[in-house]
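Here the structure comes first, spelled out in structure tokens, and everything after it is commentary.
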Amino acid sequence: MAKRSGKRAKVIFVVGGVMSGVGKGVAASSIGKILQARGLTVTAIKIDPYINVDAGTMNPTEHGEVFVLGDGYETDQDMGNYERFMGLSLDRGNYMTTGSVYKKVIDRERNLEFGGRCVEVVPHIPLEVIGTIRRAAKKADADVAIVEIGGTIGEYQNILFLEAVRMMKIEHPEDVLTVIVSYLPNPSKIGEMKTKPTQYAVRTLNGAGVQPDIIIARADRPLDDKRKDKVATFCNVRREDVISAPDVESIYDVPLNFEKDRLSDTIIRKLGLRGRGRKLGEWERLVSRAKAATKPVRIAVVGKYFNSGEYVLSDVYISVLEAIKHAAFAVGRVPEISWLGSEEYEKDPKKVKELAAYDGVLIPGGFGSRGIEGKIAAIRFCRENGIPYFGLCYGMQLLVIEYARNVLGLRGANTAEIDPKSKHLVIDIMPEQKEKLRRKDYGGSMRLGSYPALVAAKTVAAAAYGAKEISERHRHRYEVNPDYVERLREGGLVFSATSPDGVLMEIAELPRADHPFFLGTQFHPEFQSSLGKPHPLFLAFVVAASKRGR
Ligand code: GLN
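Dropping the structure here:
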């Protein structure tokens, strides 16, 4: 699209009411998608209200997956949804936390950039937020910037971000739209969908000086006219601005459902934009293809970050989950994913045999020692029984350890992350990382973001990628120890991709003649997969798994 120099992007704020986890990120992504389909250039920004400067230092069970951007910034999983839905490639300018905003303002104060003025929480913090939004929109030359504010209305911690909404709206009312994604419970004992929590949420938002323009009403079923009227009357919006958003089978249905309520027309009209066409056909085709699948492919994900109290949270591996789905849909299979805790195999080694019931096993990234021996037992079982195995990051490092121990006979082989005194440190800390850990420099200091790698010809990886040079996203401190590479190679393990200088082992695999699929990546392929473009390695894994499950 031709650049309109000096244009000011419209801004759509997406906030959440009633409770977390109602799909604000998917709603924001879907709004972006339907606006793109109308020929508009869109960018997306996520604001998280915690003090952590980035998401990298948080335990995933606290906050879900850490999504790594191409530039290496460690962010929230919603950034993954934005990239997957809108096909965007975002960077650190598209993400902020309370911590990162304060840090910027304080750094600027220390540099005397405020010229001796008194620097205050209001207006300087919201102004920094507004500045970040404007810069991101400008960089993308966006018609519309979608800004999702994390947390729920009524929380003390996102109030300064709502202040930014209020300030932007006062300055340019015609450019700013606020969408609240709320939840309408439907208690079985009452037998009626209740609007009151949403009314309270909107009233609380009003208390921050912000009136929503559109209400996305999440519920287990569509809103009837009566409930729509009620929400409209008590929340002070027009009935057609209440969008019914019932639970759906797949998150990819959401843009299509929004368009059933003609949401893009409403947004375009309210913001005075000009839409061109309505191109959701390809998306529709992909969604129907996914629905047409009937045969399952059964994938076991063996990990440890699943349990929160009595609940199992697969959010921790959301990108992995989506990448498996993308690949399964592409080959016409229904993904059936089971989350298995690896510690079980430590308590009861025989239990690992349960993996024989699956078509493929995947071990995602991770840190620390809990559940590691169980994962190694799972990898061994897959290798010895011809079960397709795909290891991501830690899952690749553990593949190498398993191979060193059980094929090369290197007893006690390990990673320096667990047993730095091991006689055979087949996985060791990267030299530049050693110094960082000594200085306790933990934040944003791993080997992060996109790096190129070269793929060796005639390997499983080469067949999957169909390319010699690839670029993938990383997040690790440890690597295959260069001192062991030759021995591992001689012992039959193939390093099918390396850093361009040949020092870092990026993919380890067994030849197809020896195993249907046994491959691990030092990087995280799951961060670059989407419905329309499944990641080639996930595709190869799911194809191998589907053959087993035939
Ligand atoms: N803990 C390993 C490392 O730091 C693997 C990291 C990961 O799986 N993301 O190298």
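With positions in the sequence shown counted from 1, the corresponding number in the working numbering is that position plus 1340.
Glycine included, each C-beta is placed from N, C-alpha and C at the ideal position.
Given the structure is predicted, the values throughout are model-derived calculations rather than measurements.
Alpha carbon to alpha carbon, what distance is there between residue j and residue i?
{"i": "F1598", "j": "K1635", "result": "29 Å"}
{"i": "L1879", "j": "Y1743", "result": "24 Å"}
{"i": "T1799", "j": "P1851", "result": "7 Å"}
{"i": "R1561", "j": "E1686", "result": "43 Å"}
{"i": "D1418", "j": "V1406", "result": "10 Å"}
{"i": "Q1868", "j": "D1411", "result": "13 Å"}
{"i": "T1535", "j": "A1559", "result": "10 Å"}
{"i": "V1627", "j": "G1420", "result": "19 Å"}
{"i": "D1848", "j": "G1621", "result": "The amino acid occupying residue 1848 in the given sequence is Ala; Asp does not appear at that position. Whole-angstrom Cα-Cα distance: 39 Å."}
{"i": "L1502", "j": "G1714", "result": "46 Å"}
{"i": "F1858", "j": "F1730", "result": "6 Å"}
{"i": "A1395", "j": "L1375", "result": "28 Å"}
{"i": "R1457", "j": "A1504", "result": "20 Å"}
{"i": "G1612", "j": "R1378", "result": "13 Å"}
{"i": "G1860", "j": "N1498", "result": "40 Å"}
{"i": "C1575", "j": "K1566", "result": "14 Å"}
{"i": "V1469", "j": "A1384", "result": "14 Å"}
Assuming residue i is part of the alpha helix (DSSP H), what are its boundary residues?
{"i": "L1702", "result": "Segment 1700-1703 is the beta strand (DSSP E) holding L1702; no alpha helix (DSSP H) there."}
{"i": "A1797", "result": "Segment: none, A1797 is in no alpha helix (DSSP H) and carries neither H nor E."}
{"i": "I1473", "result": "1461-1479"}
{"i": "G1621", "result": "1621-1632"}
{"i": "L1613", "result": "No alpha helix (DSSP H) contains L1613, which DSSP labels as neither H nor E."}
{"i": "V1660", "result": "1658-1670"}
{"i": "K1350", "result": "No alpha helix (DSSP H) holds K1350; the beta strand (DSSP E) holding it covers 1350-1356."}
{"i": "L1859", "result": "Segment 1858-1861 is the beta strand (DSSP E) holding L1859; no alpha helix (DSSP H) there."}
{"i": "L1695", "result": "First-last for L1695: undefined, no H or E at that position."}
{"i": "E1826", "result": "1822-1830"}
{"i": "K1687", "result": "1684-1687"}
Would residue i pass as a contact of residue j if the rule is Cβ separation under 8 Å?
{"i": "V1674", "j": "A1668", "result": "yes"}
{"i": "A1409", "j": "R1432", "result": "Checking the sequence shown, residue 1409 turns out to be Leu, not Ala. Going by C-beta atoms, L1409 is nearer than 8 Å to R1432."}
{"i": "D1483", "j": "A1349", "result": "yes"}
{"i": "I1607", "j": "I1352", "result": "yes"}
{"i": "V1366", "j": "I1664", "result": "no"}
{"i": "I1493", "j": "T1544", "result": "yes"}
{"i": "V1882", "j": "V1671", "result": "yes"}
{"i": "L1732", "j": "G1705", "result": "yes"}
{"i": "P1728", "j": "A1885", "result": "yes"}
{"i": "I1741", "j": "N1754", "result": "yes"}
{"i": "L1596", "j": "V1582", "result": "no"}
{"i": "G1357", "j": "I1520", "result": "yes"}
{"i": "P1525", "j": "P1513", "result": "no"}
{"i": "H1666", "j": "P1874", "result": "yes"}
{"i": "A1480", "j": "T1401", "result": "no"}
{"i": "Y1824", "j": "V1747", "result": "no"}
{"i": "A1801", "j": "A1756", "result": "no"}
{"i": "I1677", "j": "I1719", "result": "no"}
Between which two residues does the beta strand (DSSP E) carrying residue i extend?
{"i": "E1849", "result": "1845-1849"}
{"i": "H1814", "result": "1809-1816"}
{"i": "R1673", "result": "1673-1681"}
{"i": "S1836", "result": "1834-1838"}
{"i": "P1874", "result": "That residue, P1874, is in no beta strand (DSSP E); it is neither H nor E in DSSP."}
{"i": "V1642", "result": "1635-1643"}
If you measure from the CB of residue i, is any heavy atom of the ligand GLN nearer than 7 Å?
{"i": "F1863", "result": "no"}
{"i": "G1621", "result": "no"}
{"i": "R1817", "result": "yes"}
{"i": "Y1657", "result": "no"}
{"i": "G1706", "result": "yes"}
{"i": "Q1539", "result": "no"}
{"i": "E1757", "result": "yes"}
{"i": "C1722", "result": "no"}
{"i": "C1733", "result": "yes"}
{"i": "Q1737", "result": "yes"}
Tell me, please, whether the CB atom of residue i is closer than 8 Å to any CB atom in chain B?
{"i": "V1825", "result": "Among the chains of the structure shown, chain B does not appear; only one protein chain is present."}
Can you tell me whether residue i sits near the ligand ATP, meaning its C-beta is under 7 Å from at least one heavy atom of the ligand?
{"i": "P1771", "result": "With respect to the ligand ATP, the structure shown offers nothing to examine, as its ligands consist of the ligand GLN."}
task: Jot down the residue ranges of each uninterrupted beta strand (DSSP E) in the segment 1711-1782, minimum 3 residues, whole runs only, in chain order.
output: Listed in chain order, the complete beta strand (DSSP E) runs (minimum 3 residues) inside the segment 1711-1782 are 1729-1732, 1765-1769.
task: Can you check the segment 1369-1439 for any alpha helix (DSSP H) of at least 4 residues that lies completely inside it and give the ranges in chain order?
output: Fully enclosed alpha helix (DSSP H) runs of no fewer than 4 residues occupy 1400-1403, 1417-1426 of the segment 1369-1439, in order along the chain.
query: What are the start and end residues of each continuous alpha helix (DSSP H) run of 4 or more residues lying completely inside the segment 1489-1526, in chain order?
result: Runs found: 1499-1511.
task: For the segment 1541-1598, list the beta strand (DSSP E) runs that are entirely contained and at least 3 residues long, ordered along the chain.
output: Correct list: 1554-1559, 1582-1586.
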